[in-house]
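Structure first, then comments.
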Amino acid sequence: MDGEIQSDSGSVTIGENARIKGDVRAGEVKMFGQVEGAIHSDRCELKANSKLEGDITTKSLKMEEGAVLSGKMQTGS
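Per our numbering, the sequence shown starts with residue 1, numbered consecutively.
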């Protein structure tokens with residue numbers, strides 16, 4: 001999918017076979033697939049085998065072994 005995903009206070013789950021080209025903005029992001037773009041969220045989980053090529057801004061980050069982050073990370077309030 002090409003484009004931005006926005007769910008300000010909601011939850012977004014990016015499935016195992018999903019490939020997103022664009023930014024993701026949500027209260028909570030659970031990522032199993034791939035994103036090429038920025039993630040902005042209050043809570044973010046990068047699951048094993050997920051791949052993020054872009055920057056992430058979040059208050060809380062949980063990253064499982066096997067997840068890949070290629071970009072800058074900013075956490076905290």
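The beta-carbon is built from N, C-alpha and C at its ideal position, and this holds for glycine as well.
query                                                                             : result
K72, DSSP secondary structure in three states                                     : coil
Assigned exposure category for A31 - 16 Cβ within 10 Å defines buried             : The sequence as given places Met at residue 31; Ala does not occur at that position. M31 should be labelled buried.
Exposed unless 16 or more other CB atoms sit within 10 angstroms - verdict on V35 : buried
Cross-strand partners of K51 (DSSP beta bridge)                                   : Q34, V68
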